[in-house]
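Using our numbering, you'd call the opening residue of the sequence shown number 1 and step up by one each time.
Idealized CB from N, CA, C, for every residue including glycine.
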Amino acid sequence: MKLIKKIKSKYSKVEGIKLNSPLITRLLIVFIGLIVLSIFVNIKLISFLVIITGFNAWLAGFQLRRGIPTDLELSTFATVLTTIAFGFKWGIFIAIFSKLFASISTGDLKADHFFMILTYIIAAIITALFKDVNVFGLGMIIISLNAVIMFLVSKSLLGLDPTSNLSYTGTNFIFNFLVFSIFSEIVLAILR
């Protein structure tokens, strides 16, 4: 299947093009939006948003394709670093946008994703209040809090069985621990 195909318009003699991939179309819309946004916003911020959002969407798609009960995400990491480097408003933006984009691009939008977004918003608030604390320590506090919140929400409100619940919250905690411990200081130094 070709990703781009030429089409004839019934309204014009000029040929057009059609994108055969909904994912490519969405990425193109985001890319154009970010180019326009980059006129008004810091280029480091735009680059970080594009890279982190794209990789986060890829992670979500990878987990869906494999069917493994994991929750590997970069939204928490992105929210904390963006809030420290660029302020609370951008932290809230990435908290919401990174998860929504990953969910929409994979076509997998579930009720628990909205609770996850809430935990990312809480992460932005905590980070804004304590942004002078060591980024790794702050990240550990936030991912611990997020794991507890999501475990309780998944158990009480969403009715997820304990084994799956531990699998999702456990893999999320371990993944975020590794991401924060390996990359947080380096990426934050680049963003500043």
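Check, Outcome
"Relative to the alpha-carbon of tyrosine 168, which residue among Val133, Ile126, Ala128 and Leu72 has its alpha-carbon at the smallest distance?", "Leu72"
"Please go through the same chain and pick out, in chain order, the residues whose beta-carbon is closer than 6 Å to the beta-carbon of leucine 160, but skip the five residues on each side of it.", "Ser154"
"Would you mind stating whether valine 80 and isoleucine 142 have Cβ atoms separated by less than 8 Å?", "yes"
"Whose C-alpha, out of Val50, Trp58, Phe88 and Arg192, is nearest the C-alpha of alanine 128?", "Phe88"
"Could you spell out the range, first to last residue, of the alpha helix (DSSP H) harbouring glycine 91?", "88-106"
"Helix, strand or coil for asparagine 165 per DSSP?", "helix"
"Could you tell me if serine 144 is buried or exposed, where buried requires 16 or more neighbouring beta carbons within 10 angstroms of its beta carbon?", "exposed"
"Tell me whether lysine 110 is buried or exposed, calling it buried when 16 or more other Cβ atoms sit within 10 Å of its Cβ.", "exposed"
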